[in-house]
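Working notes for the structure below.
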DNA sequence: CAGCATATACCGATCATCGGCATATACGGC
DNA sequence: GCCGTATATGCCGATGATCGGTATATGCTG
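Residue numbers (the numbering used here), protein chains in the order written: chain A, 257 to 374; chain B, 257 to 374.
Here you go:
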């Protein structure tokens, strides 16, 4: 299971999954709930999206299995960020901040006649 | 050409196209260059991506044709943000800031044993 | 005249996400 | 006892934005 070489742009659900695992390891279902809480219910990850994302992030080396527990005869597989995942998430947050700040700046200079924009 | 009702999550190239048009109207090719400059060459929009995005954003009512010019016998079609587009971009920037801040906050509380996270 | 920049536009392929379904167990209400 | 919901993982087909390439022109430069 070699890590993929592509540095494809990260979509929102994937970013939120990494965010959910940033502070502490969590199992899949807990991630779904956490993402819903984080986004005030706006993003409700489908099971298909979540487990596909976990597999992909794992094969990319951004997360790894932390441990497995059985609670009430149900399996809980906990995932945690790897060092690489931590760096990637930090890079993503920096990028988001930069782009958001730039967009805000441009929105402010909007409709200012005869004014050049950077 | 009815505006689509879906409020689908916005991807990075689309966000950057809106950002490019936020301050002043620009034609397609200028948007490609602007996005490349904004992202320090990281994002180089393909023609297919750009014009498809412009069509989609137009049918969604987020942008509209500003004017057309012919320079050196080549057509330049300028697009501008609509009021709806401006609101949407502002909402997107707010969302990006919130998510980036949240992710940073979680990265900071990382690996702090026995500590609950919000 | 070959190559590159400008400028718009179409096309098939890729792939993350969506939406739904399957499989189990536990719990609460009726 | 049964139904619906919550918990928990997983598979599968469809969707759609993006990618990569090509087409079509013109102008400029080497």
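Even glycine gets a Cβ: it sits at the ideal position worked out from N, Cα and C. It should be emphasised that the depicted structure is a prediction, and the values quoted were computed from it without experimental measurement.
Nonlocal neighbours in the same chain, by C-beta distance under 8 Å from residue i, ignoring five residues either side
i: residue 359 of chain B; result: none
i: residue 373 of chain B; result: Note that residue 373 of chain B has pLDDT 48, beneath the 50 cutoff, so the model's placement of it is unreliable and the number below is only indicative. For residue 373 of chain B, where only same-chain residues beyond five positions count, the Cβ hits under 8 Å are 362, 365.
i: residue 288 of chain A; result: 300, 301, 303, 306
i: residue 210 of chain B; result: Because chain B here runs from 257 to 374, residue 210 of chain B falls outside it and cannot be looked at.
i: residue 338 of chain A; result: 317, 318, 319, 320
i: residue 348 of chain A; result: 266, 271, 274
i: residue 341 of chain B; result: 274, 277, 313, 317, 318, 319
Contact with chain A by residue i, beta-carbon distance below 9 Å
i: residue 325 of chain B; result: no
i: residue 312 of chain B; result: no
i: residue 274 of chain B; result: yes
i: residue 295 of chain B; result: yes
Where residue i meets chain A, residues with beta-carbon distance less than 7 Å
i: residue 349 of chain B; result: 356, 359, 360
Cβ-based neighbour list, residue i, same chain, cut-off 6 Å, excluding 5 preceding and 5 following
i: residue 344 of chain B; result: 318
i: residue 332 of chain B; result: 283, 325
i: residue 293 of chain B; result: none
i: residue 330 of chain B; result: none
i: residue 263 of chain A; result: none
Beta carbon proximity, residue i to chain B, threshold 9 Å
i: residue 302 of chain A; result: no
i: residue 318 of chain A; result: no
i: residue 289 of chain A; result: no
i: residue 279 of chain A; result: yes
i: residue 331 of chain A; result: no
i: residue 365 of chain A; result: yes
i: residue 271 of chain A; result: yes
7 Å Cβ shell around residue i - same chain, five flanking residues per side excluded
i: residue 290 of chain B; result: 276, 282
i: residue 336 of chain B; result: 277, 281, 319, 320, 322
When you compare the region 263-280 of chain B with the region 305-325 of chain B, are there three or more beta-carbon pairs, one atom per stretch, that lie closer than 8 Å? Yes, the region 263-280 of chain B touches the region 305-325 of chain B.
request  = Scan the region 334-346 of chain A for residues whose Cβ lies nearer than 9 Å to a Cβ of chain B and list them as they occur along the chain.
outcome  = Among the residues of the region 334-346 of chain A, those with a Cβ less than 9 Å away from any Cβ of chain B are 337, 342, 345, 346, in the order of the chain.
| query | Do the region 312-326 of chain B and the region 290-304 of chain B meet, that is, are 3 or more Cβ pairs less than 8 Å apart? | reply | No: the two stretches stay apart, fewer than three of their Cβ pairs being nearer than 8 Å.
- Check distances from the C-beta atoms of the region 351-363 of chain B to those of chain A and list, in chain order, the residues that come in under 7 Å. Residues passing the 7 Å Cβ filter: 352, 353, 355, 356, 358, 359, 360, 362, 363.
Worksheet entry | the region 278-288 of chain A in contact with the region 278-288 of chain B per 3-pair CB rule at 8 Å | A contact is defined here as three or more CB-CB pairs under 8 Å, and the region 278-288 of chain A fails this definition with respect to the region 278-288 of chain B.
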